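Presented below is the structure to which this report refers.
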Amino acid sequence: MRIETPIGPLLLAATREGLAQVVFHADERVTRRALARLEHSFGGPPVPGIPHLATAAAELGAYFAGELRAFTVPLDWSLSSGFNARVLHALADGVAYGSVAGYQDLADRVGEPGAARAVGAAMGSNPLPVIVPCHRVVASDGGIGGFGGGLETKRLLLALEGVLPAPLF
């Protein structure tokens, strides 16, 4: 399911277990490629009508309207494993709306204090951006760090949550 948002079109994919992937910049080309990867990962074409898609779309709409601070849509974590999954779970469970955490902080939270750079890689592997808020992870030097959806998207998400001032134009 593709939805329009203030940060551009998002592709949402779900299984019967929950939301499995959110894809940024979901134009026709990006959507085709993402669906082909999902079909390969899950062994078949997407199944329409999964209720988690409607839940995710409604919650994202409320989030972008400033009316939702915590997502409740069930998640299917099958596209993430190992260290990356541990970091993403720590992020989802421990970094609330309107707050940020550093790469080093997340490394410490998962018991891997030397793995700040690996945390950055885990953020880049996040199959559920926005819902699992990798935009809330920032550099220890005060910079906003990187972001798979692009730095402007990260700035917009952080501004929506009140962490950064809203852009003037």
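Mind the numbering: the sequence shown is residues 420 to 588 in my numbering, read in order. All C-beta atoms in this analysis are idealised placements derived from N, C-alpha and C, irrespective of residue type, glycine included. From a predicted model like this one, the values you see are computed outputs, not experimental measurements.
DSSP lists LEU438 as the bridge partner or partners of LEU494.
The DSSP-derived three-state label of GLY463 is coil.
Taking C-beta atoms as the reference points, ILE422 and LEU487 fail to come closer than 9 Å. The alpha-carbon of ILE550 is positioned some 6 Å away from that of PHE490.
For a cut-off of 8 Å, the C-beta gap from LEU579 to GLY485 is around 7 Å, short enough to register as a contact. The alpha-carbon of GLY533 is positioned some 8 Å away from that of GLN523. Between LEU454 and PRO464, the C-beta gap is smaller than 9 Å, which places the two residues in contact. Residue pairing by DSSP leaves GLY564 without any beta bridge partner. With a 10 Å radius around the Cβ and a threshold of 16 neighbouring Cβ atoms, SER518 comes out exposed. Using a Cβ distance threshold of 9 Å, GLU571 and ASP495 do not count as a contacting pair. In terms of Cβ geometry, LEU438 and THR474 form a close pair [threshold 9 Å].
Contact between the segment 442–450 and the segment 498–517 is absent, with fewer than three C-beta pairs closer than 8 Å. For the set LEU525, PHE483, GLY427, the Cα lying nearest the Cα of ASP512 is the one of LEU525.
The C-beta distance from LEU472 to ALA433 rounds to 5 Å, short enough to meet the 8 Å contact threshold.
Cα atoms of LYS573 and ALA537: separation of roughly 20 Å, rounded to the nearest angstrom. Annotation for ALA558: no beta strand (DSSP E) segment contains it, and DSSP assigns it neither H nor E. Rounded to the nearest whole angstrom, the CA to CA distance from PHE502 to ALA541 is 8 Å. For ALA515, the secondary structure class from DSSP, reduced to helix, strand or coil, is coil.
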